[in-house]
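Accompanying notes for the structure given below.
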Amino acid sequence: MDTTPTDIILARYHHHLVSEKRYSPRTVVSYESDLNDFLAWLEKQKPDTEPSLQQVQTWQVRQWVSQLHRKGLSGKSLQRKLSSIRRVYRFLLRENLIEHNPVVDVQSPKHVRKLPDTLDAETLDRLLSLETDDVLAVRDRALMELLYSSGLRLAELVGLDVTHFDRHQQQVRVLGKGNKERYVPVGRVAVTALQAWLQQRGALAAHGEPALFVSMRGTRLHPRSVQFRLNHWRLQQGLDQHVHPHKLRHSFASHMLESSGDLRAVQEMLGHADISTTQIYTHLDFQHLASVYDKAHPRARKK
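Numbering (the UniProt record's numbering), first residue to last: 1 to 303.
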């Protein structure tokens, strides 16, 4: 099999990630950074020759993983790096640039996954019972209720437009990782909070601004601003626990699973369809998701 120059392979792989897989710029940078680290390591092994992805043997990949492990890289980080290299070699195999995948039999050291921190229902009630006596408080309550009600990622929350919220269907249209669209139920309490915010949004929003949540400047709210406001309300409400957007997402998942036991439905609502999960992704229709949600989520039952 002919050898293709590495720079040509890298260019084709970049096109694959950006144009075919349509990954976000951040994801592309992450995958390519891991690949460049691997290439740099290969070059150190044979400084006088250009590293070739097509000539890599399984023992070399194992040696690379072992060296990273000895340097103290965590199991989670090792798994991510190895996953990136697996992805490259699946691409090379698909493009008939290699005959054998040298990574297929390589195992990374296992790591113990830390359970995500969550807030209990009582703490959440304290956090969400803020006085909505000004427009910022109305906005903040709406976004916090939505984070907990629907388990959104921070980027998904700030990426929402007004048109993405359907108060009649009580759902939001979310653009998640990999530009994958999903519809997520919104509980009655969050719907009420969102409607209250929409009534006052015009006082802040700049003309023509599509964002659901806007800053005092009238433009789309920045992720760091959300984090800052959550910490503000944590202190205001006298909570000892640190509160960040992903903790509300973890709390959503934990409370939904605890009440419903329907792991696949919760996976769908969270938008978990990435390669790191070991479970089979099963599509469930929205009616089933809404049914599970209404029966299980603590704040869906309040009127």
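Yeah, the Cβ is synthetic: ideal placement off N, Cα and C, and Gly gets one too.
Mind checking residue 25: buried by the 16 CB within 10 Å criterion, or exposed? Exposed.
Presumed contact (8 Å Cβ cut-off) between residue 212 and residue 161, rounded CB distance: Going by Cβ atoms, the distance from residue 212 to residue 161 rounds to 6 Å, so yes, they are a contact pair.
Beta-carbon separation (whole angstroms), residue 299 vs residue 189, contact threshold 8 Å: Going by Cβ atoms, the distance from residue 299 to residue 189 rounds to 4 Å, so yes, they are a contact pair.
Taking only the alpha-carbon atoms, compute the straight-line gap between residue 156 and residue 201 and give it to the nearest angstrom. In this model, residue 156 and residue 201 are separated by some 19 Å (Cα to Cα).
Entirely enclosed alpha helix (DSSP H) segments - the stretch 114 to 189, minimum 4 residues: Within the stretch 114 to 189, the runs of alpha helix (DSSP H) at least 4 residues long that lie entirely inside it are, in chain order, 121 to 128, 135 to 150, 154 to 158.
Buried or exposed: residue 234, going by 16 or more other Cβ atoms within 10 Å of its Cβ? It is buried - the Cβ of residue 234 has at least 16 other Cβ atoms within 10 Å.
C-alpha distance - residue 277 paired with residue 207, whole-angstrom precision: Confidence at residue 277 is low in this model, with a pLDDT of 35, below 50, so the placement of that residue is unreliable and no value is reported for it.
Beta-ladder partner(s) of residue 214, from DSSP: Paired residues: 220.
Coarse secondary structure for residue 254, derived from DSSP in three states: In this structure, residue 254 counts as helix in the three-state DSSP scheme.
Closest Cα partner of residue 180 within the set 45, 21, 9: Each of 45, 21, 9 was checked against the Cα of residue 180, and the nearest Cα belongs to 21.
What did DSSP end up calling residue 16 once you bin it into helix, strand or coil? It is helical.
One question on the structure: do residue 269 and residue 296 come within less than 8 Å of each other, judged by their Cβ atoms? Going by C-beta atoms, residue 269 is not nearer than 8 Å to residue 296.
Would you check if the distance between the CB atom of residue 52 and the CB atom of residue 6 is smaller than 8 Å? Yes, these two residues count as a Cβ contact at 8 Å.
Going by other Cβ atoms of all chains shown within 10 Å of its Cβ, with 16 needed for buried, is residue 165 buried or exposed? By the 10 Å Cβ count, residue 165 comes out buried.
Would residue 133 be called buried (16 or more neighbouring beta carbons within 10 Å of its own) or exposed? With fewer than 16 Cβ atoms within 10 Å of its Cβ, residue 133 is classed as exposed.
Whole angstroms is fine: what's the gap from residue 27's alpha carbon to residue 17's? About 9 Å.
I think residue 172 touches residue 186, with their Cβ atoms under 8 Å apart; what is that distance to the nearest whole Å? Contact between residue 172 and residue 186 holds, with the beta-carbon distance rounding to 6 Å and staying under 8 Å.
Would you mind giving the Cβ-Cβ distance between residue 203 and residue 145, rounded to the nearest angstrom? I have them listed as a contact below 8 Å. Incorrect: roughly 19 Å between the Cβ atoms, too far for contact.
What three-state label does DSSP hand residue 69 in the structure shown? In the structure shown, residue 69 sits in a helix (DSSP, three-state: H, G or I).
Element boundaries [alpha helix (DSSP H), containing residue 25]: Annotation for residue 25: the continuous alpha helix (DSSP H) segment containing it runs 25 to 45.
How big is the Cα-Cα spacing for residue 293 and residue 251? One Cα belongs to residue 293, the other to residue 251, and the distance between them is close to 14 Å.
If you draw a straight line from the alpha carbon of residue 231 to that of residue 220, how long is it in whole angstroms? If I take the Cα positions, the gap works out to 19 Å.
Just checking my contact of residue 86 with residue 103 at CB under 8 Å: how many whole Å lie between their CB atoms? By a beta-carbon distance limit of 8 Å, residue 86 contacts residue 103. Their separation comes to about 5 Å.
On the CB-based measure, 16 or more other CB atoms within 10 Å of its CB, does residue 72 come out buried or exposed? Exposed is the call here.
Please name the residue in 253, 223, 238 whose C-alpha comes closest to that of residue 244. The shortest C-alpha separation from residue 244 is found at 223.
What is the DSSP secondary structure of residue 5, reduced to helix, strand or coil? Residue 5: coil per DSSP, three-state reduction.
Quick one, are the C-beta atoms of residue 127 and residue 84 less than 8 Å apart? In this structure, residue 84 does not lie closer than 8 Å to residue 127 by Cβ.
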